[in-house]
Each structure stands twice: as C-alpha cells, then as structure tokens.
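Novice:
Residue numbers (the working numbering): 1 to 123.
1) Count the C-beta pairs between the segment 56-76 and the segment 90-105 that are closer than 8 Å, then say yes if the count reaches three, no if not.
2) Which of the three DSSP states, helix, strand or coil, is assigned to residue 1?
3) Do three or more CB pairs link the segment 59-71 to the segment 17-27 at distances below 8 Å?
4) Going by CA-CA distance only, name the one from 66, 93, 18 that's closest to residue 35.
5) Starting from residue 42, trace the beta strand (DSSP E) both ways and give me its first and last residue.
6) What first and last residue would you give for the alpha helix (DSSP H) that runs through residue 88?
7) Our contact map puts residue 67 next to residue 54 with C-beta atoms below 8 Å; I'd like the distance itself, whole angstroms only.
8) Roughly how many angstroms lie between the CA atoms of residue 46 and residue 96, to the nearest whole one?
9) Which stretch, first to last residue, makes up the beta strand (DSSP E) that contains residue 29?
10) With a CB to CB cut of under 6 Å and the five nearest residues on each side skipped, what residues in its chain are close to residue 123?
11) If I'm right that residue 86 touches residue 41 with Cβ under 8 Å, what's the distance once you round it to whole angstroms?
12) Could you pull out every residue in the same chain whose Cβ sits closer than 8 Å to the Cβ of residue 51, ignoring the five residues on either side in sequence?
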C-alpha cells in the first residue's frame, strides 16, 4: 500500500544517467522559446521521465535548485498534456533574471502544444 499522492513525481520518472540524456540529444525532437529548450523522445516505459540541465551560469546552487524545483512542479502538473510516454529534457535559458511558476508553466505549455501539433500533422 502506497501513501503517495496521485500527483507526485517519483524518482523512477526522472532521467538520471548520462546515456539517457545522450539518447534524447541524438534521437529526440527539440522545441525552444525565450525561456527554455525542450527535448522530447518517445520511450517504452510506463511513465514520462524528466531530466533537467541547469547550468552554473544560472547562479549559485540554491538558485539552480529553485529553478529545478519549479520545472519539476510544472512537469508534474502538465505531464497529462503529453500525448505519448516520453523522455523529456528541459534546459532553462540563462537570459531570464526572475523565474516564476507561472512563467515556467506558460513556456512549457506552449512547447508541449507545438509538440502535440507536430504529431497531428505527421499522422
């Protein structure tokens, strides 16, 4: 019996290995906007997997961790919008000075719409 809430983000749903990131970079589809670059690749797993790459250019460790927490939360809330089971890599751009949950959510949502639209065109 699990005490986990239905909307939680478990560790098995994270990309951790270098090889997993490289697979997305080599075979994935990338979309970008002013805030983030989003890499997507279909996987055979049971859940979407998220990987975050936050450069040291974003600031000190607490600030980088804050950015990661924001995008983990956005992904947790928006993963139902993704059409297939995917490996997702999010790379925040360092041109942004102030990060907020709303701006991250809007940027992610817009890129997911682009991805879902590209699936409809290909079908």
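Glycine included, every Cβ here is placed at the ideal spot set by N, Cα and C.
Specialist: Looking at the coordinates:
1) yes
2) Caution applies to residue 1, whose pLDDT of 40 falls short of 50 and renders its modelled position unreliable; the model cannot decide the point.
3) no
4) 93
5) Unbroken beta strand (DSSP E) run through residue 42: 36-42.
6) Taken as a continuous stretch (DSSP letters only), residue 88 belongs to no alpha helix (DSSP H), being part of the beta strand (DSSP E) at 86-92.
7) 5 Å
8) 34 Å
9) 29-32
10) The predicted model places residue 123 with a pLDDT of 46, which falls under 50 and marks its position as unreliable; any figure quoted below should be read in that light. Non-local beta-carbon contacts of residue 123 in its own chain, meaning distances under 6 Å to residues more than five positions away in sequence, are absent.
11) About 6 Å separates the two Cβ atoms, so the contact holds.
12) 14, 15, 16, 20, 21, 24, 87, 88, 89, 90
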